[in-house]
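Working notes for the structure below.
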Amino acid sequence: RFKQKKITGFFTMP
Amino acid sequence: MLEAKLDAASQLKKIVEAIRDMLGECNIECNETGLALQSLDKSHIVLVSLLLGSDGFSEYRCDRGVTLGLNINSLATVLRCANNDDILTLRSEDRANELILTFEDSKADRISEFNLRLMDIDQEYLAIPETEYAATVVMSAAVLQRTLRDLSALSEAVTIEIDKEGIRFSAEGDLGKGSTHFKPCVDMENAENSINITLSEPVSLSFNLQYFSNITKASSLSSTVTLQMTAGMPAQIEYKLPSGHVRYYFAPKIED
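Right, dumping it as structure tokens:
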């Protein structure tokens, strides 16, 4: 069902 | 070198209390514009971004960039030795391995000094994309904290739906379900109790309540909180400071 996403999946390292 | 003075130690104590549960060791970058911190929580679900502008200090000097690698819990431990209304000074020499904190009472007949060991921390910095959020809600920080606390009795997760009718918080668990709905409103007498919604399209997202409850520990910093959401993206939750902000980027729970 609902899965906890990680911030690192949205924001990247420059 | 860095030398920064606050008229009341409580200002820094509250900020550190707002971030300490999420962060372990992190770098505080200091330059002439102020202090900044960006760090992921231990499970990489929340990104904390703190900005303390130099204007927020009664005295501020930092000619050259200084990185303070700190254990936030150690900083919190030392700050507990300061009275709320003590004058607090942070000092660090260039390339020093310690941060010196002094706490003085207003009559200056008591001065305490603590030296906190600095660390070399290899830290990842993330690029935060400039985002136009689909929904922005400004509401009372205390009301948000209370609403989430109530719903955490029901479930580990909260769903937040924002549309032009208002903002709705709901949770469902073994014992049943519950929700609280707030309509947009203007409170002339207590402006912080107003609820202002700016919307380009309705949004619904779910979040872990334990992390949300840690985020709302920043409620003591500001009477209002700004909640910004876009479908499928991390929410941005901001508490404004007299000069700067504490901002949290919070990854949602998404249906598989």
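As given, the protein sequences belong to chains A and B, one line each in that order. Heads up: take any position in the first sequence, counting from 1, add 3, and you land on the numbering used here. Heads up: take any position in the second sequence, counting from 1, add 7, and you land on the numbering used here. Virtual Cβ for every residue (Gly too), placed ideally from N, Cα, C.
Residue i versus residue j: straight-line alpha-carbon distance, rounded
{"i": "B:S50", "j": "B:F257", "result": "12 angstroms"}
{"i": "B:R254", "j": "B:R27", "result": "14 angstroms"}
{"i": "A:I10", "j": "B:Y132", "result": "12 angstroms"}
{"i": "B:E168", "j": "B:H188", "result": "9 angstroms"}
{"i": "B:D48", "j": "B:Q130", "result": "12 angstroms"}
{"i": "B:D263", "j": "B:S99", "result": "48 angstroms"}
{"i": "A:T15", "j": "B:K260", "result": "19 angstroms"}
{"i": "B:G183", "j": "B:E163", "result": "13 angstroms"}
{"i": "B:I135", "j": "B:L30", "result": "18 angstroms"}
{"i": "B:L77", "j": "B:M195", "result": "43 angstroms"}
{"i": "B:C88", "j": "B:T96", "result": "13 angstroms"}
{"i": "B:F121", "j": "B:L54", "result": "29 angstroms"}
{"i": "B:T138", "j": "B:V193", "result": "27 angstroms"}
{"i": "B:E10", "j": "B:R117", "result": "20 angstroms"}
{"i": "B:G72", "j": "A:P17", "result": "20 angstroms"}
{"i": "B:R153", "j": "B:S113", "result": "35 angstroms"}
{"i": "B:A25", "j": "B:E245", "result": "12 angstroms"}
{"i": "B:A115", "j": "B:L161", "result": "50 angstroms"}
{"i": "B:N38", "j": "A:F5", "result": "42 angstroms"}
Cutoff 7 angstroms; reference residue i; Cβ partners in own chain excluding five residues on either side
{"i": "B:V23", "result": "I79, L82, A83 and L86"}
{"i": "B:K247", "result": "S229"}
{"i": "B:K158", "result": "For clarity, residue 158 of chain B is Leu in the given sequence; the question names Lys instead. These residues qualify, in order along the chain: V165, F176, A178, G185 and L216."}
{"i": "B:R124", "result": "N104 and E105"}
{"i": "B:D14", "result": "S65 and I94"}
{"i": "B:T74", "result": "N34 and E36"}
{"i": "B:T40", "result": "G60 and S61"}
{"i": "B:Q18", "result": "none"}
Beta-carbon separation (whole angstroms), residue i vs residue j, contact threshold 8 angstroms
{"i": "A:Q7", "j": "B:I52", "result": "6 angstroms"}
{"i": "B:N91", "j": "B:K12", "result": "Rounded, the Cβ-Cβ distance is 16 angstroms, inconsistent with contact."}
{"i": "B:M126", "j": "B:E32", "result": "6 angstroms"}
{"i": "B:A149", "j": "B:S213", "result": "Between B:S213 and B:A149 the Cβ distance is about 23 angstroms, and since that is not below 8 angstroms, they are no contact."}
{"i": "B:M8", "j": "A:F13", "result": "Not confirmed; about 37 angstroms, so no contact."}
Close-in-space but distant-in-sequence residues of the same chain around residue i (CB under 6 angstroms, 5 per side omitted)
{"i": "B:A141", "result": "S207, E208, V210 and T237"}
{"i": "B:F219", "result": "L155"}
{"i": "B:S250", "result": "G60, D62 and G63"}
{"i": "B:L57", "result": "L44 and V253"}
{"i": "B:D170", "result": "P209"}
{"i": "B:I107", "result": "R98 and N122"}
{"i": "B:A242", "result": "M236 and F257"}
{"i": "B:I128", "result": "E32, N34 and G76"}
Closer than 7 angstroms at the beta carbon, the chain E residues around residue i
{"i": "B:H51", "result": "Checking the listed chains, one finds no chain E in this structure; the protein chains it contains are A and B."}
Same chain, Cβ closer than 8 angstroms to residue i, five either side skipped, listed in chain order
{"i": "B:L151", "result": "T223, S226, V232 and L234"}
{"i": "B:A16", "result": "L86, A89, N90, N91, D92, D93, I94, L95 and F110"}
{"i": "B:K190", "result": "E172, G173 and I202"}
Open item on the list: For the pair the region 226–238 of chain B and the region 36–46 of chain B, tell me if three or more CB-CB distances fall below 8 angstroms.
Closed with: no
- [ ] Would you check if the region 195–212 of chain B and the region 176–183 of chain B touch, i.e. whether three or more CB-CB distances between them fall below 8 angstroms?
- [x] no
TODO: Please go through the region 92–150 of chain B and give each complete beta strand (DSSP E) segment of 3 or more residues, from N-terminal end onward.
DONE: 94–99, 105–111, 118–124 and 142–147
TODO: Take every Cβ of the region 136–150 of chain B, pair it with every Cβ of the region 203–215 of chain B, and state whether three or more of those distances are shorter than 8 angstroms.
DONE: yes
TODO: Count the CB pairs spanning the region 54–71 of chain B and the region 103–110 of chain B that are closer than 8 angstroms, and state whether there are at least three.
DONE: no
- [ ] Let me know the alpha helix (DSSP H) ranges lying completely inside the region 184–236 of chain B, each 4 residues or longer, listed in chain order.
- [x] 216–222
Task: Entirely enclosed alpha helix (DSSP H) segments - the region 13–44 of chain B, minimum 4 residues - done: 16–26
Open item on the list: Restricting to runs no shorter than 3 residues, where is the beta strand (DSSP E) found entirely within the region 53–94 of chain B?
Closed with: 53–60, 66–69 and 73–78
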